[in-house]
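*Asks:* In the working numbering, the protein residues as written are 113 to 230.
Before I ask anything, let me first share the structure, which is written out below as structure tokens.
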């Protein structure tokens, strides 16, 4: 059983790396705001998994990011399948963590940085 747990942990780590690389290099339409891969969780059978993303940005950007993410999920899944060194590619679902986008201090800092830029 311990071996299975290590396999799942290795798969989660590799999936996190692949997905993060895709967000940096492979997105056809960049997501608005700041998106990071917070956590990847794979079921013990390694057939399905969840990707939890943290998002920093406005409410409108979050809604747009969710729509773009849903639209690009099949392409992300193909990229994972091509780059994952496993027999089967887990079917991934993406979730945006809303707590970081609802933090007023972060919103103020982002607004201040945006005003300094332009």
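In this text, a Cβ means the ideal position worked out from N, Cα and C, and glycines have one as well.
Note that the coordinates shown come from a computational prediction; the quantities given were computed from them, not determined experimentally.
1) For residue 167, which residues does DSSP report across the bridge?
2) Exposed or buried, residue 169, counting other C-beta atoms within 10 Å across all chains shown (16 or more means buried)?
3) Ordered along the chain, which non-local residues of its own chain (more than five positions away) have a Cβ less than 7 Å from that of residue 166?
4) If contacts are defined as beta-carbon pairs under 8 Å, then residue 188 and residue 134 qualify, I think. What distance do you get, rounded to the angstrom?
5) Consult DSSP for residue 209 and reduce its assignment to one of helix, strand or coil.
6) Drop a sphere of 10 angstroms on the beta-carbon of residue 136, count the other beta-carbons inside from all chains shown, and report buried for 16 or more, exposed for fewer.
7) Spatial neighbours of residue 56 within its chain, please: CB distance less than 7 Å, with the 5 preceding and 5 following residues excluded, ordered by chain position.
8) Just tell me which of 182, 157, 196, 129 has its CA closest to the CA of residue 143.
9) Between 202, 203, 201, 191, which lies nearest to residue 138 when the distance is taken from Cα to Cα?
10) Which one or two residues does DSSP pair with residue 204 in a beta bridge?
11) Assuming residue 63 and residue 124 form a contact by the criterion Cβ under 8 Å, report the distance between their Cβ atoms to the nearest whole angstrom.
*Replies:* With the structure as the only source:
1) Numbered from its first residue, the chain shown carries residue 167 at position 55. Looking at the DSSP assignment, residue 167 forms a beta bridge with 147.
2) Reading the chain shown from its first residue, position 57 is the one you call residue 169. That one is buried.
3) To locate residue 166, count along the chain shown from 1; it is residue 54. Answer for residue 166: 148, 150, 209, 212, listed in chain order.
4) Numbered from its first residue, the chain shown carries residue 188 at position 76. Numbered from its first residue, the chain shown carries residue 134 at position 22. Confirmed, about 6 Å.
5) Locating residue 209 in the chain shown gives position 97, where the first residue counts as 1. The answer is strand: DSSP assigns residue 209 an E or B state.
6) As a first step, residue 136 is located in the chain shown; it is residue number 24 there, counting from the start. The residue in question, residue 136, is exposed, as its Cβ has fewer than 16 Cβ neighbours within 10 Å.
7) For the chain, the structure presents residues 113 to 230; residue 56 sits outside this window and is missing.
8) Taking the chain shown and counting its residues from 1, the one referred to as residue 143 is at position 31. Among 182, 157, 196, 129, the Cα nearest to that of residue 143 belongs to 182.
9) On the chain shown, residue 138 is found 26 positions in, with the first residue counted as 1. The option with the nearest alpha carbon to residue 138 is 191.
10) Here residue 204 corresponds to residue number 92 of the chain shown, with the count starting at 1. According to DSSP, residue 204 bridges with 161.
11) There is no way to answer for residue 63, as the model of the chain reaches only from 113 to 230.
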